[in-house]
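For reference, the structure is listed below as structure tokens.
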Amino acid sequence: EPEVTQTPSHQVTQMGQEVILRCVPISNHLYFYWYRQILGQKVEFLVSFYNNEISEKSEIFDDQFSVERPDGSNFTLKIRSTKLEDSAMYFCASSRDRVPAFFGQGTRLTVV
Amino acid sequence: RKEVEQDPGPFNVPEGATVAFNCTYSNSASQSFFWYRQDCRKEPKLLMSVYSSGNEDGRFTAQLNRASQYISLLIRDSKLSDSATYLCVVTQSGSQGNLIFGKGTKLSVKP
Chain A
3 EPEVTQTPSH QVTQMGQEVI LRCVPISNHL YFYWYRQILG QKVEFLVSFY NNEISEKSEI
63 FDDQFSVERP DGSNFTLKIR STKLEDSAMY FCASSRDRVP AFFGQGTRLT VV
Chain B
40 RKEVEQDPGP FNVPEGATVA FNCTYSNSAS QSFFWYRQDC RKEPKLLMSV YSSGNEDGRF
100 TAQLNRASQY ISLLIRDSKL SDSATYLCVV TQSGSQGNLI FGKGTKLSVK P
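Residue numbers (this note's numbering), protein chains in the order written: chain A, 3 to 114; chain B, 40 to 150.
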């Protein structure tokens with residue numbers, strides 16, 4: 003069964019450093035998303051991406067965040083200057099018809 | 040007011056029990072409805088979509104009441120493997136698939 007894959011599974015970074023989280027969505031999917039889940043909290047939407055541009059973003063997705071689809075398969079989330087409060091599980095998701103979305107296994111980001 | 044509210048749980052039930060989860064959503068313009076399950080420290084996995092007519096998938100039955108802005112999930116003959124957190128999820132009209140999650144209800148099925 004096709005799946006969304008994310009790398010790395012765990013990333014530890016120093017506060018203020020830049021991190022790039024990588025995702026390979028399901029190959030025939032057209033919509034791509036990033037979500038995050040702070041430990042013990044609900045899953046929160048960050049951004050959606052369609053047709054090579056951001057289609058929707060939440061207030062969490064401020065100027066320190068950016069997304070890119072550098073080639074036909076990868077989808078990345080960059081956090082420019084990490085803060086302690088960015089520590090969370092980051093999930094990439096993709097969908098063929100907008101909904102429903104299928105999630106990758108997540109990258110656990112720890113900012114120290 | 041929270042956008043998606045769920046029973047706080049946890050629900051601790053014996054194997055074979057029937058268990059029901061409830062969810063309410065605040066935005067009447069909500070368009071699509073889903074139940075996801077999430078195992079500890081894992082990704083959310085789609086369990087089923089929810090339709091106004093109600094739908095069933097094996098031991099799982101989902102119902103939607105748009106007038107009351109209420110969604111339910113019924114699990115019959117629960118198995119140990121059903122232990123997980125069940126997430127109620129909605130989308131808004133006009134959104135690009137932005138999923139709005141409830142905090143989830145934890146289910147623990149005991150032998």
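The beta carbon of each residue, even a glycine, is placed where N, CA and C say it ideally should be.
6 Å CB neighbourhood of residue i in its chain, flanking five on each side removed
{"i": "T57 of chain B", "result": "R115"}
{"i": "T100 of chain B", "result": "L113"}
Span separating the alpha-carbon of residue i from that of residue j
{"i": "N51 of chain B", "j": "L41 of chain A", "result": "22 Å"}
{"i": "F105 of chain A", "j": "A106 of chain B", "result": "30 Å"}
{"i": "P47 of chain B", "j": "S120 of chain B", "result": "20 Å"}
{"i": "Y35 of chain A", "j": "C62 of chain B", "result": "24 Å"}
{"i": "E87 of chain A", "j": "V113 of chain A", "result": "8 Å"}
{"i": "Q70 of chain B", "j": "K118 of chain B", "result": "31 Å"}
{"i": "D73 of chain A", "j": "V26 of chain A", "result": "10 Å"}
Contact under 8 Å by Cβ, residue i with residue j
{"i": "A123 of chain B", "j": "L146 of chain B", "result": "yes"}
{"i": "V128 of chain B", "j": "Y90 of chain B", "result": "no"}
{"i": "Y120 of chain A", "j": "A95 of chain A", "result": "Look at the range of chain A in this structure, 3 to 114, and you will see that residue 120 of chain A is not part of it."}
{"i": "S60 of chain A", "j": "F77 of chain A", "result": "no"}
{"i": "A103 of chain A", "j": "S97 of chain A", "result": "yes"}
{"i": "Q39 of chain A", "j": "T109 of chain A", "result": "no"}
{"i": "R100 of chain A", "j": "Q131 of chain B", "result": "no"}
Within-8 Å CB hit, residue i to chain A
{"i": "N137 of chain B", "result": "yes"}
{"i": "P83 of chain B", "result": "yes"}
{"i": "F140 of chain B", "result": "yes"}
{"i": "T100 of chain B", "result": "no"}
{"i": "S195 of chain B", "result": "Examination of residue 195 of chain B is not possible in this model, given that chain B is present from 40 through 150 alone."}
{"i": "T130 of chain B", "result": "yes"}
{"i": "G48 of chain B", "result": "no"}
Any chain B beta carbon closer than 8 Å to residue i
{"i": "F67 of chain A", "result": "no"}
{"i": "V26 of chain A", "result": "no"}
{"i": "Y92 of chain A", "result": "no"}
{"i": "V45 of chain A", "result": "yes"}
{"i": "F104 of chain A", "result": "yes"}
{"i": "V21 of chain A", "result": "no"}
{"i": "V14 of chain A", "result": "no"}
Other residues of its chain near residue i: CB distance less than 7 Å, five sequence neighbours each side excluded
{"i": "G143 of chain B", "result": "Q45, Q77, T124, Y125 and L126"}
Residue environment, residue i, which counts as buried when at least 16 other CB atoms sit within 10 Å
{"i": "V148 of chain B", "result": "buried"}
{"i": "V43 of chain B", "result": "buried"}
{"i": "I179 of chain A", "result": "Residue 179 of chain A is absent from the model: chain A starts at 3 and stops at 114."}
{"i": "Q43 of chain A", "result": "exposed"}
Close beta carbons around residue i, own chain, < 8 Å, minus the five adjacent residues each side
{"i": "P150 of chain B", "result": "P53, E54 and L119"}
{"i": "T15 of chain A", "result": "V21, T84, L111, T112, V113 and V114"}
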